[in-house]
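A short write-up of the structure that comes next.
There are 2 protein chains.
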Amino acid sequence: MNDEVFAAVAADAAERLVAHWRALAAAELPVVPSGPPGTTLKALPEQAPEKGEDLAEILDDTWRTIVPQLVHWQHPGFLGWFPTNNSPASVLAELVTAGLGVQGMMWSSSPGATELEQRVCDWLARALALPQRFQHASGQGGGVIQDSASSAVLVAVVAALNRASVGRWRAHGTEGRYRVYCTAQTNSSVPKAVRIAGAGEAVQVPLLPGTHEMDPAALAARMDADRSAGLIPAAVVATVGTTTTCATDPVPEIGAVCQERGVWLHVDAAYAGSAALCPEFRDGNAGLGHADSYAVNAHKWMRTGIPCDVLWVADHTALTDAVGLTASYLRNPASESRTVVDFKDWQVPLGRPMRALKLWYVMRAHGLEGLREAIRHDVSLAVLLARLIEAEGGFEVVVHRLGLVVFRRDTDARTRDLVERLTRDPVVLCTPATVDGRPVLRAALGSPYTDEAAVHRIWSTIRSHAAAQD
Amino acid sequence: MNDEVFAAVAADAAERLVAHWRALAAAELPVVPSGPPGTTLKALPEQAPEKGEDLAEILDDTWRTIVPQLVHWQHPGFLGWFPTNNSPASVLAELVTAGLGVQGMMWSSSPGATELEQRVCDWLARALALPQRFQHASGQGGGVIQDSASSAVLVAVVAALNRASVGRWRAHGTEGRYRVYCTAQTNSSVPKAVRIAGAGEAVQVPLLPGTHEMDPAALAARMDADRSAGLIPAAVVATVGTTTTCATDPVPEIGAVCQERGVWLHVDAAYAGSAALCPEFRDGNAGLGHADSYAVNAHKWMRTGIPCDVLWVADHTALTDAVGLTASYLRNPASESRTVVDFKDWQVPLGRPMRALKLWYVMRAHGLEGLREAIRHDVSLAVLLARLIEAEGGFEVVVHRLGLVVFRRDTDARTRDLVERLTRDPVVLCTPATVDGRPVLRAALGSPYTDEAAVHRIWSTIRSHAAAQD
Numbered sequence: 357m358n359d360e361v362f363a364a365v366a367a368d369a370a371e372r373l374v375a376h377w378r379a380l381a382a383a384e385l386p387v388v389p390s391g392p393p394g395t396t397l398k399a400l401p402e403q404a405p406e407k408g409e410d411l412a413e414i415l416d417d418t419w420r421t422i423v424p425q426l427v428h429w430q431h432p433g434f435l436g437w438f439p440t441n442n443s444p445a446s447v448l449a450e451l452v453t454a455g456l457g458v459q460g461m462m463w464s465s466s467p468g469a470t471e472l473e474q475r476v477c478d479w480l481a482r483a484l485a486l487p488q489r490f491q492h493a494s495g496q497g498g499g500v501i502q503d504s505a506s507s508a509v510l511v512a513v514v515a516a517l518n519r520a521s522v523g524r525w526r527a528h529g530t531e532g533r534y535r536v537y538c539t540a541q542t543n544s545s546v547p548k549a550v551r552i553a554g555a556g557e558a559v560q561v562p563l564l565p566g567t568h569e570m571d572p573a574a575l576a577a578r579m580d581a582d583r584s585a586g587l588i589p590a591a592v593v594a595t596v597g598t599t600t601t602c603a604t605d606p607v608p609e610i611g612a613v614c615q616e617r618g619v620w621l622h623v624d625a626a627y628a629g630s631a632a633l634c635p636e637f638r639d640g641n642a643g644l645g646h647a648d649s650y651a652v653n654a655h656k657w658m659r660t661g662i663p664c665d666v667l668w669v670a671d672h673t674a675l676t677d678a679v680g681l682t683a684s685y686l687r688n689p690a691s692e693s694r695t696v697v698d699f700k701d702w703q704v705p706l707g708r709p710m711r712a713l714k715l716w717y718v719m720r721a722h723g724l725e726g727l728r729e730a731i732r733h734d735v736s737l738a739v740l741l742a743r744l745i746e747a748e749g750g751f752e753v754v755v756h757r758l759g760l761v762v763f764r765r766d767t768d769a770r771t772r773d774l775v776e777r778l779t780r781d782p783v784v785l786c787t788p789a790t791v792d793g794r795p796v797l798r799a800a801l802g803s804p805y806t807d808e809a810a811v812h813r814i815w816s817t818i819r820s821h822a823a824a825q826d
Numbered sequence: 357m358n359d360e361v362f363a364a365v366a367a368d369a370a371e372r373l374v375a376h377w378r379a380l381a382a383a384e385l386p387v388v389p390s391g392p393p394g395t396t397l398k399a400l401p402e403q404a405p406e407k408g409e410d411l412a413e414i415l416d417d418t419w420r421t422i423v424p425q426l427v428h429w430q431h432p433g434f435l436g437w438f439p440t441n442n443s444p445a446s447v448l449a450e451l452v453t454a455g456l457g458v459q460g461m462m463w464s465s466s467p468g469a470t471e472l473e474q475r476v477c478d479w480l481a482r483a484l485a486l487p488q489r490f491q492h493a494s495g496q497g498g499g500v501i502q503d504s505a506s507s508a509v510l511v512a513v514v515a516a517l518n519r520a521s522v523g524r525w526r527a528h529g530t531e532g533r534y535r536v537y538c539t540a541q542t543n544s545s546v547p548k549a550v551r552i553a554g555a556g557e558a559v560q561v562p563l564l565p566g567t568h569e570m571d572p573a574a575l576a577a578r579m580d581a582d583r584s585a586g587l588i589p590a591a592v593v594a595t596v597g598t599t600t601t602c603a604t605d606p607v608p609e610i611g612a613v614c615q616e617r618g619v620w621l622h623v624d625a626a627y628a629g630s631a632a633l634c635p636e637f638r639d640g641n642a643g644l645g646h647a648d649s650y651a652v653n654a655h656k657w658m659r660t661g662i663p664c665d666v667l668w669v670a671d672h673t674a675l676t677d678a679v680g681l682t683a684s685y686l687r688n689p690a691s692e693s694r695t696v697v698d699f700k701d702w703q704v705p706l707g708r709p710m711r712a713l714k715l716w717y718v719m720r721a722h723g724l725e726g727l728r729e730a731i732r733h734d735v736s737l738a739v740l741l742a743r744l745i746e747a748e749g750g751f752e753v754v755v756h757r758l759g760l761v762v763f764r765r766d767t768d769a770r771t772r773d774l775v776e777r778l779t780r781d782p783v784v785l786c787t788p789a790t791v792d793g794r795p796v797l798r799a800a801l802g803s804p805y806t807d808e809a810a811v812h813r814i815w816s817t818i819r820s821h822a823a824a825q826d
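If you read the protein sequences in the order shown, they are chains A and B. Be aware that the first sequence starts at 357, since it is given in my numbering, and climbs by one per residue. Be aware that the second sequence starts at 357, since it is given in my numbering, and climbs by one per residue.
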């Protein structure tokens with residue numbers, strides 16, 4: 357295939373994307389597709405073509421076959437899970453990253469990719485007002501871009517297991533002896549990571565009564581009991597902004613419990629961490645002085661496309677001691693001089709694309725002011741939606757924090773019925789969940805095109821479904 | 357930021373990429389940058405900007421500050437590690453994927469993204485002539501796109517541990533009892549994955565004498581001895597095309613050993629797997645009838661940008677039993693109907709971008725014929741380079757397989773000196789390694805712009821360094 361056609365087709369693709377974003381912004385497309393399982397499979401041939409096809413035709417087919425079967429996460433009516441929002445700057449960066457096509461596993465495999473990542477992670481640590489020791493510039497800590505908060509917590513747990521074992525873990529594995537603590541409110545990726553790390557079921561610490569937050573005294577008691585039973589408490593995962601209700605564990609108290617016992621504290625701020633761009637939303641940073649690692653998904657609420665999670669560690673040798681590994685074909689003078697960072701030793705994969713260009717583009721194109729404005733805009737929309745819900749009879753706001761509004765109808769039967777009606781409605785996507793055993797709906801504001809008018813439209817849709825119930 | 361400027365800047369970026377590819381093809385750029393550690397860090401401000409900047413300026417700065425400090429993996433003089441090659445179709449797909457901005461963790465979070473991935477993984481399984489049971493269409497197996505062969509082997513090992521434990525692993529972890537087997541020639545990502553999975557050091561099975569291939573009899577003996585000692589053999593990782601010498605373990609015999617003992621066999625074909633697109637290079641497929649999982653990096657040798665590893669499993673429930681996990685906010689009718697695939701349960705991360713569009717674009721744009729032609733072209737260049745080396749006094753080809761040529765000078769001192777001279781030469785990148793305790797240079801053909809003229813230029817550069825030694 358010749359490169360000549362590429363520029364023209366890429367320009368066409370960019371135009372189509374702009375038209376697509378406009379159609380989303382105008383809510384001309386449904387959020388959720390209507391096809392039953394198998395719709396896309398049926399539309400695609402069973403075998404790959406033998407002969408090459410034109411890029412222009414493949415692009416056409418994308419809009420014909422694939423786009424109509426997507427859930428549009430950038431749609432103004434998308435309030436599902438947590439946002440995975442995006443921006444033109446991020447998309448442009450993905451184009452450039454792909455086109456340059458470098459592999460940044462080590463400093464020596466692309467020095468500029470590695471140093472850009474060091475700098476951008478430091479930029480973000482500073483913008484979020486994280487402790488200085490998380491910066492590469494501190495000499496001891498540093499940030500690294502992972503694909504997800506799941507992978508971030510996995511490598512943090514693995515570093516914790518290695519540290520807790522005083523070297524034994526590398527040779528003997530987890531031996532059924534190490535314990536990792538979280539709560540029943542912790543994201544599913546955490547117990548999953550603990551299992552993957554071979555440490556069995558994560559211990560669920562009780563919640564403070566009447567809250568969805570970890571009880572630090574119960575944590576201390578459980579760790580001490582485990583230690584007395586011959587087990588080794590290795591790590592605690594605290595959450596700043598849980599998925600179901602955006603609850604925040606009492607990190608300062610948890611940190612003190614961990615520090616007294618020499619146990620690794622990982623703080624998962626996948627969603628709410630971005631809010632710390634704004635000084636008024638920095639409560640979640642309290643107690644990070646005790647944290648060994650901290651992760652935020654820039655791809656959730658920072659206009660940076662997925663994947664882009666940033667994991668910071670206070671002591672990078674804890675990470676590289678655990679997952680660092682080399683081989684004759686990876687040795688090079690720069691690595692051996694120990695003056696450079698090799699990100700392969702900070703993550704699960706060996707190879708990696710140039711991960712930082714996207715975050716660099718987004719932080720520069722929006723500026724910190726622009727990113728703060730976006731967060732404040734989304735929070736104000738959540739305030740509006742919460743007010744609308746509260747003003748309505750037969751509805752209740754269960755929790756409203758940052759961009760998340762959790763609500764329900766006056767009876768569980770009506771909530772369940774509303775969930776079902778909304779599931780079939782293609783113009784709005786809210787995620788059903790369970791809070792304290794009762795069904796709720798979650799509305800997470802953060803899609804880039806959601807504005808006040810969209811919130812009124814969304815609310816009017818929800819209301820009309822509720823009105824039809826009675 | 358307004359979307360209006362995006363289309364124009366993206367078109368400009370596409371033009372710049374085409375110009376960049378032309379400059380690479382013409383070898384007008386060095387492969388390796390000359391700046392010492394810190395060059396890029398120094399060029400970047402210490403803080404993120406407060407005010408947003410123009411995309412056009414950021415794009416300019418990319419070429420001014422970042423591009424000159426990259427190792428150009430798409431350069432015709434790049435023969436390092438294994439290729440991570442690329443194509444306009446892949447770059448175009450990355451643009452579209454980023455612009456659509458969907459998150460495909462579950463079928464219900466974007467049905468089209470999931471079904472496209474099922475179909476494309478089936479396409480590739482068929483194109484590589486893999487066993488039919490690896491296809492989604494078989495009902496029992498299926499493929500999933502991972503970011504890397506490292507992540508693929510990690511989830512395969514975790515599935516194996518879960519299966520070997522008969523359910524105990526989920527609750528109790530690895531307990532120091534499970535063993536995973538490979539060889540000293542296996543890629544570093546495998547012992548790394550085994551450690552991360554909490555199973556300690558992977559067991560290094562001896563090699564067949566005079567080869568770099570696993571000895572199946574030694575494997576059987578070691579597994580039986582371990583079992584007698586109360587340990588549980590859980591998985592064997594065999595390699596089709598090792599990193600150092602492109603050696604292939606005797607998979608049929610290893611498979612028989614595994615099958616007799618009910619042990620999971622994962623086959624890592626990260627590099628050489630792509631060659632099976634061509635019927636004449638399908639030796640590596642022998643014995644896959646016994647394999648439980650198989651992985652190939654489409655991002656190595658299939659014109660698909662990084663990341664794109666495809667992992668196939670013969671029984672997808674083995675994978676989803678191990679890493680599947682749900683939560684109230686992830687429940688939905690489609691998942692509960694068990695008629696759909698939720699790829700979150702096939703991988704470490706919870707969230708994921710639409711991973712398959714890139715492979716779909718590449719397979720369609722090149723066609724299977726085009727992809728085969730590219731493999732054959734690279735293999736023929738390796739033949740040419742090997743001939744040139746063999747015809748030269750004072751050089752020796754240690755191994756030549758597929759696109760890889762491993763060579764050395766007549767003495768180790770001269771090889772080491774040549775490595776050092778080449779490290780300082782910016783026009784060619786070969787990777788030094790160690791084979792049987794002796795230093796070698798590896799030349800892996802596969803960069804998209806490497807042609808016969810480039811091979812002659814590369815060889816003349818290497819020769820002139822050698823001539824300067826004496």
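Just so you know, even glycine gets a beta-carbon here, dropped at the ideal spot from N, CA and C. In this text the structure is predicted, and so the values were computed from the model without any measurement.
- Nearest C-alpha to ALA577 of chain B among B:ALA678, B:GLN560, B:ALA505: B:GLN560.
- Straight through space, the alpha carbons of LEU737 of chain A and VAL753 of chain A are spaced by roughly 15 Å.
- Below the 9 Å Cβ cutoff, chain A contributes SER466, PRO467, GLY468 as neighbours of PRO389 of chain B, in chain order.
- For SER507 of chain A, the number of other beta carbons within 10 angstroms of its own is at least 16, and it is reported as buried.
- Listed in chain order, the positions of the region 484-516 of chain B with a beta carbon within less than 7 Å of a beta carbon of chain A are ASP503, SER504, SER506, SER507, LEU510, VAL514.
- DSSP places TRP657 of chain A in the helix class (H, G or I) of the three-state scheme.
- With a threshold of 8 Å between beta carbons, TYR717 of chain B makes contact with chain A.
- With a 10 Å radius around the Cβ and a threshold of 16 neighbouring Cβ atoms, ASP665 of chain B comes out buried.
- Straight across, the Cα-Cα distance linking ALA742 of chain B with VAL775 of chain B is about 18 Å.
- Sixteen is the threshold: since fewer than 16 other Cβ atoms of the shown chains lie within 10 Å of the Cβ of SER390 of chain B, the residue is exposed.
- Interface criterion not met: the Cβ of ASP605 of chain B is under 8 Å from no Cβ in chain A.
- By the rule that beta-carbons nearer than 8 Å mark a contact, GLY554 of chain A touches chain B.
- By a beta-carbon distance limit of 8 Å, ARG728 of chain B contacts LEU633 of chain B. Their separation comes to about 5 Å.
- Looking only at B:THR787, B:THR418, B:HIS722, B:TRP479, the smallest Cα-Cα distance to TRP668 of chain B is reached by B:TRP479.
- Under the Cβ criterion of 8 Å, ASN641 of chain A is not counted among the residues facing chain B.
- Taking a cut-off of 8 Å for Cβ pairs, the region 625-640 of chain A and the region 446-465 of chain A do not touch, as fewer than three such pairs fall below it.
- For GLY499 of chain B, no alpha helix (DSSP H) segment is defined; the enclosing uninterrupted segment is the beta strand (DSSP E) at 498-502.
- In this structure, DSSP gives ALA591 of chain A an extended state, which the three-state scheme calls strand.
- THR660 of chain A is outside the set of residues whose beta carbon lies under 8 Å from a beta carbon in chain B.
- Across the region 396-413 of chain B, CB contacts with chain A closer than 7 Å involve THR396, LEU397, LEU400, GLN403, ALA404, PRO405, GLU406, LYS407, GLY408, GLU409, LEU411, in sequence order along the chain.
- The beta carbon of CYS786 of chain B is closer than 7 Å to those of LEU435, GLY436, LEU778, LEU797, ARG798, ALA799 in its chain, skipping five residues each way along the sequence.
- By the neighbour-count definition (other C-beta atoms within 10 Å, threshold 16), THR599 of chain B is a buried residue.
- The beta carbon of VAL514 of chain A sits closer than 7 Å to the beta carbons of ALA553, ALA678, VAL679 from its chain, once the five residues preceding and following it are set aside; these are given in chain order.
- Cα atoms of LEU724 of chain A and LYS407 of chain B: separation of roughly 7 Å, rounded to the nearest angstrom.
- For HIS756 of chain A, the beta-bridge partners assigned by DSSP are A:VAL761.
- Apart from sequence neighbours up to five positions away, no residue of its chain approaches ALA382 of chain B with a beta-carbon distance below 6 Å.
- About 18 Å separates the CB atoms of GLN425 of chain A and TRP377 of chain A; that is not less than 8 Å, and the two are not in contact.
- VAL427 of chain A carries a coil assignment under DSSP once its states are collapsed to helix, strand and coil.
- Annotation: LYS398 of chain B to ILE422 of chain B spans about 12 Å, alpha carbon to alpha carbon.
- Cβ neighbours of ASP734 of chain A within its own chain (closer than 7 Å, five residues either side excluded): GLY759, LEU801, GLY802.
- Taking the Cα positions, GLU609 of chain B is about 37 Å away from PHE699 of chain A.
- Rounded to whole angstroms, PRO432 of chain A and ALA520 of chain A show a C-alpha spacing of 46 Å.
- Per DSSP, the unbroken beta strand (DSSP E) holding TYR534 of chain A starts and ends at 534-538.
- The region 467-478 of chain A makes no contact with the region 464-483 of chain B; the number of CB pairs closer than 8 Å stays below 3.
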